[in-house]
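Counting along the sequence shown from 1, when you hit position 213 you're at 213 in my numbering, and nothing is skipped either side.
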Amino acid sequence: MILLLALHLAQAPAPGAQGPKVFISADMEGVVGTVTSDQLGPTGFEYQRYREFMTREVLAAIRGARAAGAGEIVVADAHGNGENLLIELLPAGVTVVRSWPRPLGMMHGIDSTFAAAIFIGYHAGATNPRGVRAHTFSSATLADVRLNGRSVPEGGVNAAIAGHFGVPVVMVSGDDAAVEEVRAVTGPVEAAVVKWSAGFHSARTVTPDSSYRLIEAAAARGVRRARELRPFSLAGAVTLDIRFRNYRPAEVLAYLPNVERTDARGVRFVGRDILEIARFLQFVTNYAPNLEP
């Protein structure tokens, strides 16, 4: 397996190669075969195998992007503890964003110098009755996230962050429900459907090798189409509505002078732009009074 990876990496351009910069945001719930917590965290009995599947899906996206002429590539490890990718398997010339918190969350590292964004391993949002492991940022605490009144999945928030910098999302991979949701926000970007949801914890899935081929081809098509695809941009102030699964988070957050409690489980925050929204979401999902060091 390592030999095959080495052969793939040998095909990559040398570090410093010229070409459009590409940003890859990689989650794990949408990775081929992933269906339960058994695959998604360090205590799961299949996690180590699925870290490799996730890494190889990212490698496939890198190969596709480079085949389409990409130069510098930045990968954000955007699942769980942010330490999932086996970085020793990634090729030279790639940099990786790891761990939390970080101001732009799953999109940290992107800026206006990038030509394209790719989403790998994405899942559907919290309000979707379909989708494997469907949730938005926190399956334990958040029931809905809305931007300017519109319920969005993680892919919607992340597309808006890319759009703030004028960067279009050009490709997404995940289950069928996740791809459908992202395209509802971004328009008809390229996609690799690697499984079809049969329930919250079940799916019909392709094999890993098939997923790599699908992702590589879709990433190449997406990067080639980057100039024709429009960024998803939210102009001016952005209103964020969050609905929690419990009462107390809404109650306590409303103590902040710039947060409005909209009902028993909901709060509203208005940011100057999507970057302020991203920082507020990082605060909501990461703050605890016993943070160390």
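Note that CB positions come from ideal geometry on N, CA and C, so glycine has one too.
C-beta contact flag for residue i and residue j at 8 Å
i, j, result
"V185", "A218", "no"
"V58", "I120", "yes"
"A143", "F244", "yes"
"A70", "P20", "yes"
"A76", "M28", "no"
"G187", "Y122", "no"
"A178", "G131", "yes"
"G271", "D241", "no"
"V170", "A191", "no"
"V223", "A124", "no"
"F137", "T285", "yes"
"F165", "I110", "yes"
"N148", "V238", "yes"
"V35", "S139", "no"
"L229", "P168", "yes"
"S25", "A78", "yes"
Host alpha helix (DSSP H) of residue i (start-end)
i, result
"G155", "E154 to H164"
"M54", "Y47 to A67"
"T186", "D176 to T186"
"L147", "Careful: L147 lies outside any alpha helix (DSSP H), inside the beta strand (DSSP E) at L142 to L147."
Host beta strand (DSSP E) of residue i (start-end)
i, result
"D77", "I73 to D77"
"V284", "Premise fails: V284 lies in the alpha helix (DSSP H), I274 to N286, not in any beta strand (DSSP E)."
"T95", "V94 to V97"
"F137", "Here F137 belongs to no beta strand (DSSP E), and DSSP marks it neither H nor E."
"Y122", "F114 to Y122"
"D294", "The requested residue 294 is not part of the displayed model; the chain covers only 1 to 293."
"G266", "G266 to G271"
DSSP state of residue i mapped onto helix, strand, coil
i, result
"L85", "coil"
"L253", "helix"
"L291", "coil"
"A10", "The pLDDT assigned to A10 is 35, lower than 50, so where the model puts this residue is not dependable; a value taken from the coordinates is nonetheless given after this. It is helical."
"S233", "coil"
"M28", "coil"
"L3", "A caution first: L3 carries a pLDDT of 38, below 50, which makes its placement in the model too unreliable to give a value."
"G308", "In the structure displayed, the chain extends from 1 to 293; residue 308 sits before or after that span and is not available."
"R248", "helix"
"D38", "coil"
"D111", "coil"
"T239", "strand"
"R130", "coil"
"V189", "coil"
"L167", "A small correction: the amino acid at residue 167 is Val; Leu does not occupy that position in the sequence shown. Of the three classes helix, strand and coil, the one that applies to V167 here is coil, per DSSP."
Contact test: residue i Cβ vs the ligand PLP heavy atom, cutoff 7 Å
i, result
"P42", "The ligand content of the structure shown is nil, which means the ligand PLP is not present either."
When the Cβ atoms of the region 82-92 are set against those of the region 46-56, are three or more pairs found closer than 8 Å?
-> yes
Length-filtered (4 minimum) alpha helix (DSSP H) runs lying within the region 192-231 | 208-224
Is the number of C-beta pairs between the region 192-206 and the region 232-248 that are closer than 8 Å three or more?
-> no
Segment contact, 8 Å Cβ cut-off, at least three pairs: the region 237-256 with the region 90-110 | no
For the region 93-104 against the region 36-50, are there 3 or more C-beta pairs whose distance is under 8 Å?
-> no
Would you say the region 207-217 touches the region 146-165, given that touching needs at least three Cβ pairs under 8 Å?
-> no
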